[in-house]
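For reference, the structure discussed in these notes is given below.
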Amino acid sequence: MSRKRKQPSAQPVSPETMSRSGHTFLPSLLLLLSGAAALIYQLLWIKQLSLSVGVDVYAITIAISAFFAGLAVGGTVFGRLADRWPRPFLLYAALEVGVAIVGLAATQSLSHSAQLFGRMEDTLGPVAWLLPFTQVSVPAILMGGTVPVLVRAAVPDREQVARVAGKLYGANTAGAIIGALLPVFILIPAFGVRGSAFGAAGLNLLAASGAAIAALAMPRQAASAVRGQTRAGWSQLLVITRRTPAARLALVLYAVSGGIALGYEVIWSQVVAQWTSTRSFAFAIMLATYLFGWALGSRLYAKRAARSAKPWGEFGLLIALAGVVALFAVLALGPWLQGAQVDGATLAFGLTRNESFAMAMRFVTATLWIVLLPTILLGAAFPLAMRIIAEADRAGTDTGSVIAWNTIGGIAGTVLAGFVLVPHLGLERSLGVMAIAACVLGITAVMHDAAVGHVARWTTFACGVLAVAGAVIVKPDHLAQLLAQHRRGDLVFYQSGAGGTVAVIEQKASKGTFHRLYVDAVSNSGDSMTSLRYMRLQALLPLIIHRGEPRAALVIGMGTGITAGSLLNYPGLERRVVAELLPEVVDATTLFAGNQSVASDPRVDIRLRDGRRELLRDGGTYDLITLEPPPPSASGVVNLYSSDFYRLASRRLNADGLLAQWLPLPTQVNADTQSLVRSFLDVFPYATLWITEMHEMLMIGSHEPIDLDLERIVNRFKEPGIATALREVGIDSVQSLLAATARPVTDDDPRIEYGPWVLPGEITRVLPQLLGLQTDPPLAGADHEFTAQMKLDRDRLHRFYSAGLHAYRGERDRWARALESVVSEDPRNTYYRWIVSGE
1102 MSRKRKQPSA
1112 QPVSPETMSR
1122 SGHTFLPSLL
1132 LLLSGAAALI
1142 YQLLWIKQLS
1152 LSVGVDVYAI
1162 TIAISAFFAG
1172 LAVGGTVFGR
1182 LADRWPRPFL
1192 LYAALEVGVA
1202 IVGLAATQSL
1212 SHSAQLFGRM
1222 EDTLGPVAWL
1232 LPFTQVSVPA
1242 ILMGGTVPVL
1252 VRAAVPDREQ
1262 VARVAGKLYG
1272 ANTAGAIIGA
1282 LLPVFILIPA
1292 FGVRGSAFGA
1302 AGLNLLAASG
1312 AAIAALAMPR
1322 QAASAVRGQT
1332 RAGWSQLLVI
1342 TRRTPAARLA
1352 LVLYAVSGGI
1362 ALGYEVIWSQ
1372 VVAQWTSTRS
1382 FAFAIMLATY
1392 LFGWALGSRL
1402 YAKRAARSAK
1412 PWGEFGLLIA
1422 LAGVVALFAV
1432 LALGPWLQGA
1442 QVDGATLAFG
1452 LTRNESFAMA
1462 MRFVTATLWI
1472 VLLPTILLGA
1482 AFPLAMRIIA
1492 EADRAGTDTG
1502 SVIAWNTIGG
1512 IAGTVLAGFV
1522 LVPHLGLERS
1532 LGVMAIAACV
1542 LGITAVMHDA
1552 AVGHVARWTT
1562 FACGVLAVAG
1572 AVIVKPDHLA
1582 QLLAQHRRGD
1592 LVFYQSGAGG
1602 TVAVIEQKAS
1612 KGTFHRLYVD
1622 AVSNSGDSMT
1632 SLRYMRLQAL
1642 LPLIIHRGEP
1652 RAALVIGMGT
1662 GITAGSLLNY
1672 PGLERRVVAE
1682 LLPEVVDATT
1692 LFAGNQSVAS
1702 DPRVDIRLRD
1712 GRRELLRDGG
1722 TYDLITLEPP
1732 PPSASGVVNL
1742 YSSDFYRLAS
1752 RRLNADGLLA
1762 QWLPLPTQVN
1772 ADTQSLVRSF
1782 LDVFPYATLW
1792 ITEMHEMLMI
1802 GSHEPIDLDL
1812 ERIVNRFKEP
1822 GIATALREVG
1832 IDSVQSLLAA
1842 TARPVTDDDP
1852 RIEYGPWVLP
1862 GEITRVLPQL
1872 LGLQTDPPLA
1882 GADHEFTAQM
1892 KLDRDRLHRF
1902 YSAGLHAYRG
1912 ERDRWARALE
1922 SVVSEDPRNT
1932 YYRWIVSGE
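Going letter by letter, the sequence shown gives residues 1102 to 1940 in the numbering used here.
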């Protein structure tokens, strides 16, 4: 008998034997690579989906749900399969190869399915959503099997399931952190979307190679010994495993905790925007912090969970604490956080002398306070759930079930938070509801097990009391009031919706006040003189210079309503269409001066739809398409500045039709501004660039020559509505109206969204270069007197802009002298007077 006991020690040491003795290095490394690849794919697919279904929040949520649904199915199916598979490492290798192939195919197909999806939606209605759902969910099914298969490969005993599962899940999440940051900071700026997908596929194949080598190291006897069991178990593969009532309850509670966790992610993505930025890397930092907290909690608690004698009490207490901490972290927000952000940025800049890194540290500071501690607590609950549910002989099945149930709960939480709680309750009260739900879950867990100690039980009940108190005292506009305080204004409008929060803040000028629109705490212009000037020109200038008789116009983006309202000043238009994603923005337009009450005017057709999706679905054509989306550096916006988008829009233009694109100057570096112009010229060979305000330009493009016929322009300018609208912003004559080599941006190369942080004073480098390129406009029918007056007005305007550049450089005396000279030459110009005195 003693010889038989010693005999196994003489056999080769397999990866399974190593894992059985507690070594999880290889599975952890493989899941690190797998997790990184999965997050790269997910971010790329969400970005690619916006090209076919638009950035409509419902569309993106459905796509994310498809991703998580695939993970849930994959975790369940392949977890059960792993328990009956003789070589789990080999099964894992096959999964990774499959992810690489199908993942690349999904990335490619998503970018080319826009027209197909549009046709399907027109003919099949909601059934069309099966197309993007399938494109995302199929590769996600394969991804979902990776964690449970490797947990089964580790073959832990009963006491080691929680510890090993926690470590491997933590490693997978750590890889996801890397995957959340890689596309934003390295892959997309350098290689584009498709190149990034190939990078993710390379990680899949690297993981597959490591697993295949491990599988080959297994003794054949070990694999063949379980082959009979595998065949015997095929018929039970899809049968629901019978569980104890305690295990079933634990699965349900962990599913609810998954809903709470992903619900928090939806809410936090809007909460942190006030303290960060719309840049993509700001969101990436928030997501990475979320995943880091989850991985850290899972890793730190894995060993304790394996030894826990009262896992129900600890599980319930952790979930309840997470809810309370998440609520009170937001309740405690105030101006102090801005000071902490400045301190963090100053320290980072002192260590690195890098402005972008210092700015990123501002975002890290905010997300650490809001996100980190609750996610650590939620992550710690995973190994406890495994401790309650999992058994050694069903390690793969149980791990898959835990992940699947948690994922299904996450889908429900995403939909509930995004489409029910936030739109109807707002961010703050949604956090209150989530905190109460977390405490109810925690109390249910601690009450289930009579062995739970008094301290854990009463602490969980105390968390419930705190959650209810916090939910009652939190103000529904707490964050908006903080925003108004930070912007030194008064909150006059606030609404939450599925697509984001919309606020209007009244701010003081040197004389009087003006209103400014904020979407997710990010400024989207206002109704000051400078905004009125460029937005009215955004609509009226292309209509005035149009070589035909424009009858139909489309405005992409309602915003303050000033551009859309300016269309009402042009009497020849018969069809005026506005595409706006957020209904709350439409409601807010009533507060802005100068938009002619456009939201209630029956002559305007307002369609609540993403602009790109409007172009994909609407078969109509236009004489003018004008758009002023958020700056191209903002997350999810750059695809409205790409050559691919311009080609799509050009197909909706009539003969002689014009496309007018707003071009901000201070929001990107000079090289990126050149790329934006290059993208426009790649589609519209005939283009003009107009200065509509010191910080804004207007690109107008066409497939036909843009002839500036003076007689036609003068006649249109004389229209009472047009003349009045332009005179109010300092353009009182046709002369003053007319005074005014890079890689192109494409859908596959949207690097401006991920470009370097814009340093202060970038406009002092961009504007002079653009002004230096100006040439006389090709006017037809202009006499010498008209041309001389136009040049005089243009020279005065350029001197006005030069005065502004002196101010940016801190040359206050030169700024004052230059501005005084300009105003003295044209004292009646309302634009100049407003800049000087606010009148």
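We put the CB at the ideal spot given by N, CA and C, even for glycine.
Note that the coordinates shown come from a computational prediction; the quantities given were computed from them, not determined experimentally.
Can the beta-carbon of residue 1776 be found less than 8 Å from the beta-carbon of residue 1747? no
Contact defined as beta carbons within less than 8 Å: I believe residue 1600 pairs with residue 1616. What is the distance between those atoms, to the nearest angstrom? Not really, about 21 Å apart at Cβ, beyond 8 Å.
Three-state secondary structure (DSSP) of residue 1587: helix
Under three-state DSSP, which class holds residue 1076? With the chain running from 1102 to 1940 in the structure shown, residue 1076 is simply not present.
Enumerate in chain order the residues of its own chain whose CB-to-CB distance from residue 1764 is below 8 Å, with the five nearest sequence positions on each side excluded. 1774, 1777, 1778, 1790, 1797, 1798, 1799 and 1800
So, for residue 1278: in the same chain, excluding its five sequence neighbours on each side, which residues have a beta-carbon less than 6 Å away from its beta-carbon? 1389, 1392 and 1393
Helix, strand or coil: which one does DSSP assign to residue 1659? coil
Quick test of your reading: residue 1726 and residue 1753, contact by CB under 8 Å. State the CB separation rounded to the nearest angstrom. 6 Å
Quick check on the DSSP output: what are the complete alpha helix (DSSP H) runs of length 4 or more inside the stretch 1410-1452, in order along the chain? 1412-1432
Express the C-alpha separation of residue 1673 and residue 1794 in angstroms, rounding to a whole number. 26 Å
Is the beta carbon of residue 1808 sitting closer than 8 Å to the one on residue 1710? no
For a quick check, are the C-beta atoms of residue 1178 and residue 1246 less than 8 Å apart? yes
Give me the Cα-Cα distance between residue 1637 and residue 1135, rounded to the nearest whole angstrom. 51 Å
Three-state secondary structure (DSSP) of residue 1213: coil
Using the C-alpha atoms, what's the distance from residue 1830 back to residue 1898? 14 Å
Which two residues bound the contiguous beta strand (DSSP E) that contains residue 1987? Look at the range of the chain in this structure, 1102 to 1940, and you will see that residue 1987 is not part of it.
Are there three or more Cβ pairs, one per stretch, closer than 8 Å when the stretch 1471-1486 is compared with the stretch 1361-1370? yes
Continuous beta strand (DSSP E) stretch holding residue 1615: start and end: 1614-1620
Please state if the CB of residue 1629 and the CB of residue 1528 are separated by a distance shorter than 8 Å. no
Taking the continuous alpha helix (DSSP H) assigned at residue 1967, which residues delimit it? Summary: the structure shown does not reach residue 1967, with the chain confined to residues 1102 through 1940, and so no result is reported for it.
For residue 1152 and residue 1715, the rounded distance between their alpha carbons: 12 Å
Nearest CA to the CA of residue 1518: which residue from 1166, 1730, 1350 and 1191? 1166
DSSP has residue 1375 in a bridge; who is on the other side? Per DSSP, none; premise fails for residue 1375.
State the CB to CB distance for the pair residue 1439 and residue 1587, rounded to an integer number of angstroms; the pair is presumed to be in contact (CB under 8 Å). 7 Å
Taking the straight line between their C-alpha atoms, what separation do you get for residue 1544 and residue 1585? 38 Å
Touch check for the stretch 1350-1359 and the stretch 1532-1542: three-plus C-beta pairs under 8 Å? yes
Which whole-angstrom value describes the C-beta separation of residue 1707 and residue 1687, a residue pair presumed to lie in contact below a C-beta threshold of 8 Å? 6 Å
Whole-angstrom distance between residue 1149 and residue 1373, CA atom to CA atom: 24 Å
Using the three-state DSSP reduction, which class does residue 1624 fall into: helix, strand or coil? strand
Under the three-state DSSP convention, the category residue 1470 falls into: helix
Run of the alpha helix (DSSP H) containing residue 1816, from where it starts to where it stops: 1811-1818
Between residue 1122 and the rest of its own chain, which residues show a CB-CB distance below 7 Å, the 5 nearest in sequence each way excluded? Below a pLDDT of 50, predicted positions are generally treated as unreliable, and residue 1122, at 40, falls in that range; the measurement from the model is reported next regardless. So no residue of the chain qualifies.
What residue range is occupied by the uninterrupted beta strand (DSSP E) comprising residue 1609? 1601-1609
Here's the rule: buried if 16 or more other CB atoms are within 10 angstroms of the residue's CB, otherwise exposed. What is residue 1932? buried
Taking contact to mean 3 or more Cβ pairs, one atom from each stretch, closer than 8 Å, check whether the stretch 1290-1304 and the stretch 1420-1432 are in contact. no
Check the DSSP bridge columns for residue 1800 and list the partner residues they point to. 1762 and 1790
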